[in-house]
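Undergrad: Okay, handing you the structure first.
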Amino acid sequence: MSTIERLEEIDLNITNRCNIGCSHCLFAAGPEKDDNLSLGEIESVLEDGRKLGAEEVHISGGEPTVRRDLEKVLRIADSKGYFVRLQTNMWAFTPKMLPLIMETTDEVLTSLDGLEASHDLIRKPGSFQKTTSSIDRLLEVGIRVVVITAVQRKNYQDIPKLVEFVSNREVNAHFLFSITPLGRATQEDVVSVIEWEKLVEKLYETYKARDLSTDVVCELHHLRGDESFTFNGAECRLYTRNHAVVLPDGRVYPCSMFITTDKFLGNIKKEPFEEIWSNSPVWSFYDNRINDPSCGNCKLIALCKGGCPGYSYFFTGDITKCDPRCEPGMYPVCPSWKLNLRKATLSCSTWRVMKR
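Encoded structure:
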């Protein structure tokens, strides 16, 4: 059963086309892709989302700026009263877009995946300079900017210096997450648990020593058993049902960890979003809880409840199995859980951890 009755946020992926093609892309987007949501479908989802209580929409792709009707998309979202986030790689950004963004968009998200050499290797030659100059233009006119970094083997050594580089530009926030082996990313690209823990510790020390002004928000990945924070499965998106992911082909999921599976709630190209979210029979699958005998004698089971069902299903094919990321003395947490280093706050929502 759900513990939250109101939808809060919609991840609206309006196209699967992209003008870059990052090596770790969750959606395996690229220039040859042609899945798109129509304007009518977008408006219908946003209208139904408001009926269900959603107040925030994250417009992404693929790359949203490859759509010639992006202005109409943004104006529709703004007219419905949403807090609008636009995620873009900045490759097609021009100063002519500034008035539209200022009128319709509350926050712009973009990626810096390392310093110049690493970023351009992961994304596209020349994209680092293009992104940083675009960030500066947005900040000059007072638009909120959030930088996202997908931490992986190719850029791991860059991260401490990158955090300082981003903070010196005085962006509003810098989010760092460890990539998930979905889409084009592979398990070989993923940094180890210990490497991630050391990185977060180093970033925290840097934060204290340099008094950085930007909110640096890190994925938790794992917690140790002696820490006061608890996961308890309480705010997993499968259980709270407060977050929807809509893909360019119309499929709807409650969590991005499942987007490569056939466990979609429904398809908005065939039935209304409100009906899908409220009455999909596939919710019965997501109501399953991790119930693995191997967890039975673990002293941390009361804290982690078995970990992330998405990881369990992806790696084992069984949503009730223990999260395979489990490590002795540590427990894996939902990839959505974030720690704000400046505020020392913890939340299952990247955006909520900014507000606390």
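Each residue of the sequence shown is one higher than the one before, counting from 159 in my numbering. Ideal Cβ placement from N, Cα and C applies to all residues, glycine included.
Can you give the beta carbon distance from Thr268 to Val242, rounded, assuming they're within the 8 Å contact cut?
TA: At roughly 15 Å, the Cβ-Cβ gap does not stay under 8 Å, so Thr268 and Val242 are not in contact.
Undergrad: If the criterion is Cβ atoms closer than 7 Å, does the pair Cys183 and Arg302 meet it?
TA: no
Undergrad: When you compare each of Glu214, Leu204, Glu221 and Tyr444 to Ile234 by their alpha carbons, which one comes out closest?
TA: Leu204
Undergrad: Threshold first: 4 residues or longer. Then list the alpha helix (DSSP H) segments lying entirely within the region 294-327, N to C.
TA: 317-326
Undergrad: To the nearest angstrom, how far is the alpha carbon of Arg395 from that of Pro257?
TA: 35 Å
Undergrad: Tell me whether the region 201-220 and the region 238-252 touch, counting them as touching only if at least three CB pairs, one residue from each stretch, are closer than 8 Å.
TA: yes
Undergrad: When we look at the beta-carbon of Gln245 and count the other beta-carbons within 10 Å, is it buried (16 or more) or exposed?
TA: buried
Undergrad: Using C-beta distances below 7 Å, list every residue in its chain close to Asn449, excluding the 5 sequence neighbours before and after it, in chain order.
TA: Thr478
Undergrad: Just to confirm the assignment: which complete beta strand (DSSP E) runs, minimum length 3, are found wholly within the region 432-504?
TA: 488-490 and 496-498
Undergrad: List the whole-angstrom C-beta distance separating Glu377 from Pro493, where the pair is believed to meet the contact cut-off of C-beta under 8 Å.
TA: 6 Å
Undergrad: Just mark Gln315 as buried or exposed, buried being the case when its beta carbon has 16 or more other beta carbons within 10 Å.
TA: By the 10 Å Cβ count, Gln315 comes out exposed.
Undergrad: With 16 as the cutoff for other CB atoms within 10 Å, does Arg382 come out buried or exposed?
TA: exposed
Undergrad: Using DSSP bridges, identify the partner residues of Leu381.
TA: Under DSSP, Leu381 takes part in a beta bridge, and its partners are Tyr489.
Undergrad: Could you give the distance in angstroms between the alpha-carbon of Asp369 and the alpha-carbon of Asn498?
TA: 14 Å
Undergrad: Given a threshold of 16 other Cβ atoms within 10 Å of its Cβ, counted over all protein chains shown, does Asp463 qualify as buried or as exposed?
TA: Note on identity: in this sequence residue 463 is Lys, with Asp being the wrong assignment. Lys463 is buried by the Cβ-count criterion.
Undergrad: From the DSSP output, in three-state form, read off Val348 for me.
TA: Look at Val348 here: in three-state DSSP terms it is coil, with no helix or strand label.
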